[in-house]
Each structure stands twice: as structure tokens, then as C-alpha cells.
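Student: Have a look at this one.
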Amino acid sequence: MAEITQKIKIMKGATPDLSAATYQIFDESHTMGNALRWMIMKNPKVEFCGYSVPHPSENLIQLRIQMYDGLSSLDALLEALSNLDGVCDSVEDAYRASLTEGRYERWEEKS
């Protein structure tokens with residue numbers, strides 16, 4: 010049976026109400042870190058959000074979220090993931106529609 014690996018871990022030092030927490034997200038890089046940070050910071054209830062890649066040889070990001078008024082940073086993270094998924098779906102739909110309709114630039118390399 011395949012071993013189930015953890016995708017997200019709450020790091021030590023989080024407040025009990027999770028209004029401020031750092032999350033380790035495994036198997037992700039700057040691509041996901043920057044997109045998530047951008048989406049989380051669009052939420053007006055978020056006081057601070059930042060991410061880091063601790064070391065280039067480690068395939069993980071650390072995402073710090075601090076909320077106003079004791080709200081849950083986990084809720085903000087889950088909402089941002091859902092919103093980001095929606096954005097990706099919209100981009101994919103627009104891309105596929107443009108391919109179907111032939112609305113794209115064709116370029117041929119001349120050597």
C-alpha cells in the first residue's frame with residue numbers, strides 16, 4: 010500500500026486561534042508561493058502574508074499568514090487556494106476557447 014505523504018503542516022509557534030501561523034507546504038516552489046501570497050493578500054482581513062523557500066535543495070515553501078481581529082489564517086489559506094483554483098480554471102477555459110476558435114498567433118521558426 011502506498012504511503013500517504015503530508016501536503017501541509019502547521020509549524021511550531023502558531024497562535025492557539027491560528028490568527029498567526031506559518032505553514033510548510035511540501036512539493037511546491039516559488040510558483041505556488043508567489044501565487045498564494047498574492048491571492049491571500051487580496052483578502053482585506055489579512056494583516057501580513059509572506060513566503061520563503063528555506064533552501065533550494067528542499068522542495069517546500071513556508072507561508073506565514075497573520076490576520077486582523079483574531080481570525081483564522083487557515084480559513085484565509087483555504088479560501089485563497091479555492092480562489093486560485095478558480096483563476097486557473099478561468100485561464101484554462103479561455104485558453105481552450107481560443108484554441109478551438111483559432112484565435113492565437115502562429116509563429117514558425119526560420120533557421
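Just so you know, the numbering used here puts 42 at position 33 of the sequence shown, and the rest follows in order with no gaps.
Ideal Cβ positions, reconstructed from N, Cα and C, are used throughout, including at glycine.
A quick note: this is a predicted structure, and the numbers were derived from the prediction, not measured.
Alpha carbon to alpha carbon, what distance is there between A106 and Y77?
Tutor: Numbered from 1 along the sequence shown, position 68 holds the residue referred to as residue 77. Numbered from 1 along the sequence shown, position 97 holds the residue referred to as residue 106. Straight-line Cα distance between these residues: approximately 40 Å.
Student: Can you confirm whether the segment 39-53 touches the segment 16-24 when touching is taken to mean that 3 or more C-beta pairs between the two stretches lie within less than 8 Å?
Tutor: Taking 8 Å as the limit for Cβ pairs, the verdict is that the segment 39-53 does not touch the segment 16-24.
Student: With a threshold of 8 Å, are at least 3 pairs of Cβ atoms found where one atom belongs to the segment 82-93 and the other to the segment 61-68?
Tutor: With a cut-off of 8 Å, the segment 61-68 and the segment 82-93 do not count as touching, because too few Cβ pairs lie within range.
Student: Answer yes or no: does any C-beta atom of chain C fall closer than 8 Å to that of S82?
Tutor: Although the question refers to chain C, the structure presented lacks it and comprises just one protein chain.
Student: Classify S38: buried if its beta carbon has 16 or more other beta carbons within 10 angstroms, exposed otherwise.
Tutor: Walking along the sequence shown from the start, residue 38 turns up at place 29. It counts as exposed.
Student: Please report the Cβ distance between S28 and S81, rounded to the nearest whole angstrom; I am assuming they are in contact, meaning their Cβ atoms lie under 8 Å.
Tutor: Position 19 of the sequence shown holds residue 28. Position 72 of the sequence shown holds residue 81. Right, their Cβ atoms sit about 7 Å apart.
Student: Look at the Cβ atom of Q71, then the Cβ atom of T31, and state whether they are nearer than 8 Å.
Tutor: For the purposes of this step, residue 71 is taken as the residue at position 62 of the sequence shown. For the purposes of this step, residue 31 is taken as the residue at position 22 of the sequence shown. In contact: Q71 and T31 (Cβ atoms closer than 8 Å).
Student: What does the alpha-carbon distance come out to for the pair I74 and E117?
Tutor: Within the sequence shown, residue 74 is the residue found at index 65, counting from 1. Within the sequence shown, residue 117 is the residue found at index 108, counting from 1. Cα-Cα distance, rounded: 46 Å.
Student: Could you pull out every unbroken beta strand (DSSP E) segment of at least 3 residues lying fully inside the segment 65-100, listed in chain order?
Tutor: As far as the segment 65-100 is concerned, its whole beta strand (DSSP E) runs of at least 3 residues are 69-76.
Student: Can you tell me where the alpha helix (DSSP H) holding T40 begins and where it ends?
Tutor: Mapped onto the sequence shown, residue 40 falls at position 31. Here the alpha helix (DSSP H) through T40 covers 39-50.
Student: Expressed to the nearest angstrom, what Euclidean distance is found between the alpha-carbon atoms of V55 and R112?
Tutor: Here residue 55 refers to the residue found at position 46 of the sequence shown. Here residue 112 refers to the residue found at position 103 of the sequence shown. Approximately 39 Å, taken between the alpha carbons.
Student: Could you pull the DSSP bridge partners for G22 from this structure?
Tutor: Numbered from its first residue, the sequence shown carries residue 22 at position 13. DSSP, once it has assigned bridges, lists no residue as partnering G22.
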